[in-house]
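Engineer:
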Amino acid sequence: MKRARSFAAFFTVAVALAVAQGAYGEGAKLAGRNVKIGCQVSLTGKGAEWGQAAKVSMEIAVEEINAKGGIGGLPIDLICYDTQTSEAEALKTVSRLVERDRVLAIAGPCFSSEFEAIAPQLDTQLKTVINSYCSAKPGLSAMSKWAFRNTLTSDKQLKPVVAAWVEEYHPKKIVIIYDAEDAVSKSEGVDVLPPLLKANGVEVLESLSFRTKDTDYSAQVTRTKSLGAEGVALGACYQNAAAIAKEMQKQGLSVPLIGGACASAPGFIEIAGKAAEGAYMSTAAWLEDPRPEVQAYLKKFLARNNGKAPPYGGPRA
870 MKRARSFAAF FTVAVALAVA QGAYGEGAKL AGRNVKIGCQ VSLTGKGAEW
920 GQAAKVSMEI AVEEINAKGG IGGLPIDLIC YDTQTSEAEA LKTVSRLVER
970 DRVLAIAGPC FSSEFEAIAP QLDTQLKTVI NSYCSAKPGL SAMSKWAFRN
1020 TLTSDKQLKP VVAAWVEEYH PKKIVIIYDA EDAVSKSEGV DVLPPLLKAN
1070 GVEVLESLSF RTKDTDYSAQ VTRTKSLGAE GVALGACYQN AAAIAKEMQK
1120 QGLSVPLIGG ACASAPGFIE IAGKAAEGAY MSTAAWLEDP RPEVQAYLKK
1170 FLARNNGKAP PYGGPRA
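Counting from 1 along the sequence shown, just add 869 to a position and that's the residue number in my numbering.
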């Protein structure tokens, strides 16, 4: 089976180092026995594959940094909590990290919807540096002076991917199918994909939505088929995207797929199988990057993750 295609912009592995060093000015002194770095990851829920990869990657980074003397001579202590890919749980865990664990900085959360829930409290209450390592909805880092992110937003990820997808498949009219509940997926479906497609001479016939926990996409695919769409653009996480691809295959809708940030996990190919053939997905990391540091990271990651490669949230963390 041909692999789903992806484009990358840049790569980093040591987010713990970046967050901790960024919190102190040059010459500042650290005190205590260790440097506590918080870790918010989605170990359960729809973002499990992303969260598990991020946690493994952060652990690798911490081991490497500590082996070189830590931060200012102090070892990093990584404290991780599962957000369950839930806005409510993300709020609970960030409060726990700040108020109980008293961390210096936080890596996470991954999902844009989780960060949107946290951001209003950063300036008024939490006042802790937070690095959202793979949230892709445009504009999030502007929500707080305490926040930054270590990834590309969906518009920047998808711009070259849409151009390449159109160049290969030449669709003239397409349908967008997006998750109306997930922040980044909705942003891609409503704000990001339409202007990018228009700029490449593609007409959006209709935009169809679904809810995150939906499992039946027959209505959306039937409608897409009836409109005579020559392609489908997805604003969806990989589980939903794979299910839509399989429904398209079931209904005999053989048109090319393109997906955004949340769809570009190895799980998309695993779940969709042959229905993933020829799909284009955006990603903010390139695992085939020949640079030694990238391949050294990948080798360590695969050894810890039963040989399974990470989605881009792993290397970005």
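Note that beta-carbon positions come from the ideal geometry of N, C-alpha and C, so glycine has one too.
Since the model is a prediction, treat every value here as computed from it, not as a measurement.
#1: Among residues of its own chain, excluding the 5 on either side of Asp946, which ones have a beta-carbon nearer than 6 Å to its beta-carbon?
#2: Should Ala1032 and Asn1069 be called a contact, given that it needs their Cβ atoms to be closer than 9 Å?
#3: Does the region 1118 to 1131 come close enough to the region 1157 to 1176 that 3 or more CB-CB pairs lie under 8 Å?
#4: What's the gap between the Cα of Gly896 and the Cα of Gly941?
#5: Please state if the CB of Tyr1149 and the CB of Trp1015 are separated by a distance shorter than 9 Å.
#6: Between the Cα of Ala1145 and those of His1039, Pro1159, Ile1127 and Pro1161, spot the shortest distance and give me the residue it belongs to.
#7: Who pairs with Val1044 in a beta bridge, going by DSSP?
#8: Output the boundary residues of the alpha helix (DSSP H) element that contains Tyr1166.
#9: Quick check on this structure: which residue in Trp1155, Thr1081 and Cys979 has the alpha carbon closest to the alpha carbon of Gly1104?
#10: So, do the region 1128 to 1140 and the region 1048 to 1055 have three or more beta carbon pairs nearer to each other than 8 Å?
#11: Does Glu829 pass the burial test, meaning 16 or more other C-beta atoms within 10 Å, or should it be called exposed?
#12: Which same chain residues end up closer than 6 Å to Gln1118 when comparing Cβ atoms and leaving out the 5 residues on each side of it in sequence?
#13: Have a look at the DSSP bridge pairing and note the partners of Phe1017.
#14: Among Asp970, Gln921, Lys1006 and Ile1043, which one has its Cα closest to the Cα of Asp1060?
#15: Return yes when the Cβ of Lys1115 is within less than 9 Å of the Cβ of Gly1142, no when it is not.
#16: Kindly provide the ranges of any alpha helix (DSSP H) runs that are 4 or more residues long and lie completely inside the region 934 to 977, ordered along the chain.
#17: In three-state DSSP terms, what is Ser911?
#18: Who are the Cβ neighbours of Glu958 in its own chain at under 7 Å, not counting the five residues just before and after it?
#19: When DSSP labels each residue in this structure, what does Lys1082 get in the three-state scheme?
#20: For Pro1040, count neighbouring Cβ atoms within 10 angstroms of its own Cβ and tell me buried if that reaches 16, exposed if not.
#21: Quick check on DSSP: helix, strand or coil for Tyr1149?
#22: Comparing alpha-carbon positions, which option in Asp1083, Ser1095, Gln1089 and Val1044 lies nearest Glu1075?
#23: With Leu1027 and Leu1065 assumed to form a contact (beta carbons below 8 Å), what rounded beta-carbon distance in angstroms separates them?
#24: What residues match up with Ile814 in a beta bridge as DSSP calls it?
#25: So with Cβ pairs under 9 Å, would you call Pro1180 a contact of chain D?
#26: Going straight from the alpha carbon of Gly938 to that of Ala974, what length do you get?
#27: For Ala1102, which residues of its own chain have a beta-carbon under 7 Å away from its beta-carbon, when the five flanking residues on both sides are left out?
#28: Following the continuous beta strand (DSSP E) through Leu991, name the residue where it begins and the one where it ends.
#29: In the structure shown, what three-state DSSP assignment does Ala1178 receive?
#30: Please state whether DSSP places Val904 in a helix, a strand or coil.
#31: Between the Cα of Gly920 and the Cα atoms of Glu1050, Pro978, Val998 and Thr1091, which residue gives the shortest distance?
#32: Which residues in the same chain have their Cβ closer than 6 Å to the Cβ of Met1194, if we skip the five residues on either side of it in sequence?
#33: Tell me which same chain residues have a C-beta within less than 8 Å of the C-beta of Ala917, skipping the five on either side of it?
Structural biologist: Per the coordinate set shown:
#1: To locate residue 946, count along the sequence shown from 1; it is residue 77. So the qualifying residues of the chain are Asn903 and Lys905.
#2: Reading the sequence shown from its first residue, position 163 is the one you call residue 1032. Reading the sequence shown from its first residue, position 200 is the one you call residue 1069. For Ala1032 and Asn1069, yes; Cβs fall inside 9 Å.
#3: Between the region 1157 to 1176 and the region 1118 to 1131, the count of Cβ pairs shorter than 8 Å is below three; the stretches do not touch.
#4: Numbered from 1 along the sequence shown, position 27 holds the residue referred to as residue 896. Numbered from 1 along the sequence shown, position 72 holds the residue referred to as residue 941. Unreliable positioning characterises Gly896 in this predicted model, as indicated by a pLDDT of 42, which lies under 50. A coordinate reading is not provided.
#5: Numbered from its first residue, the sequence shown carries residue 1015 at position 146. Numbered from its first residue, the sequence shown carries residue 1149 at position 280. Not a contact, by the Cβ cut-off of 9 Å.
#6: For the purposes of this step, residue 1145 is taken as the residue at position 276 of the sequence shown. Ranking the options by Cα distance to Ala1145, first place goes to Ile1127.
#7: Residue mapping note: residue 1044 aligns to position 175 of the sequence shown, counting from 1. According to DSSP, which records beta bridges pairwise, Val1044 is partnered with Glu1075 and Val1101.
#8: The residue labelled residue 1166 in the question sits at position 297 within the sequence shown. Judged by DSSP secondary structure, Tyr1166 falls within the alpha helix (DSSP H) whose first and last residues are Pro1161 to Arg1173.
#9: Here the question's residue 1104 lines up with position 235 in the sequence shown. Of the listed residues, the one whose Cα sits closest to Gly1104 is Thr1081.
#10: Flag = yes, the region 1128 to 1140 and the region 1048 to 1055 touch.
#11: The chain is shown only over 870 to 1186; residue 829 falls outside these bounds and no answer can be derived.
#12: Along the sequence shown, one-based indexing puts residue 1118 at 249. Once the five neighbours on either side are set aside, the close Cβ partners of Gln1118 are Ala1144.
#13: In the sequence shown, the residue the question calls residue 1017 occupies position 148. BP columns for Phe1017 point to Asn1000.
#14: Along the sequence shown, read from residue 1 onward, the residue named residue 1060 stands at position 191. With respect to the C-alpha of Asp1060, the residue from Asp970, Gln921, Lys1006 and Ile1043 having the closest C-alpha is Lys1006.
#15: Locating residue 1142 in the sequence shown gives position 273, where the first residue counts as 1. Locating residue 1115 in the sequence shown gives position 246, where the first residue counts as 1. Against a cut-off of 9 Å, the Cβ pair of Lys1115 and Gly1142 comes out as a contact.
#16: Here the runs fully enclosed are 956 to 964.
#17: Locating residue 911 in the sequence shown gives position 42, counting from the first residue. Three-state DSSP puts Ser911 in coil, outside helix and strand.
#18: Here residue 958 refers to the residue found at position 89 of the sequence shown. For Glu958, the CB contacts under 7 Å within the same chain, skipping 5 residues up- and downstream, are Thr952 in chain order.
#19: The sequence position of residue 1082 within the sequence shown is 213, counting from 1. Correct three-state label for Lys1082: coil.
#20: Position 171 of the sequence shown, counting from 1, holds the residue named residue 1040. Flag for Pro1040 reads buried.
#21: Taking the sequence shown and counting its residues from 1, the one referred to as residue 1149 is at position 280. Correct three-state label for Tyr1149: strand.
#22: Counting from one through the sequence shown, the residue named residue 1075 turns up at place 206. That would be Val1044, whose Cα lies nearest to the Cα of Glu1075.
#23: By one-based count along the sequence shown, residue 1027 stands at place 158. By one-based count along the sequence shown, residue 1065 stands at place 196. Yes, they are in contact, since the Cβ atoms of Leu1027 and Leu1065 sit about 6 Å apart, within 8 Å.
#24: For residue 814 there is no data in the structure shown, the boundaries of the chain being 870 and 1186.
#25: Note that chain D does not occur in the displayed structure, where there is just one protein chain.
#26: Locating residue 938 in the sequence shown gives position 69, where the first residue counts as 1. Locating residue 974 in the sequence shown gives position 105, where the first residue counts as 1. Cα to Cα, Gly938 sits roughly 19 Å from Ala974.
#27: Taking the sequence shown and counting its residues from 1, one reaches residue 1102 at position 233. These residues qualify, in order along the chain: Ile1043, Ile1045, Leu1062, Leu1066 and Ile1127.
#28: For the purposes of this step, residue 991 is identified with residue 122 of the sequence shown, where counting begins at 1. Counting along the chain, no beta strand (DSSP E) covers Leu991, and no H or E run does either.
#29: Working through the sequence shown from its first residue, we reach residue 1178 at position 309. If DSSP states are grouped into helix, strand and coil, Ala1178 belongs with coil.
#30: The sequence position of residue 904 within the sequence shown is 35, counting from 1. Three-state DSSP puts Val904 in a strand.
#31: Against the sequence shown, residue 920 aligns to sequence position 51. Comparing C-alpha distances from Gly920 to each of Glu1050, Pro978, Val998 and Thr1091 shows the shortest one belongs to Pro978.
#32: Not covered by the structure: residue 1194. The range shown for the chain is 870 to 1186.
#33: Counted from its first residue, the sequence shown places residue 917 at position 48. Sequence-distant Cβ neighbours of Ala917 in its own chain, meaning closer than 8 Å and more than five residues away, are Ser911 and Thr954.
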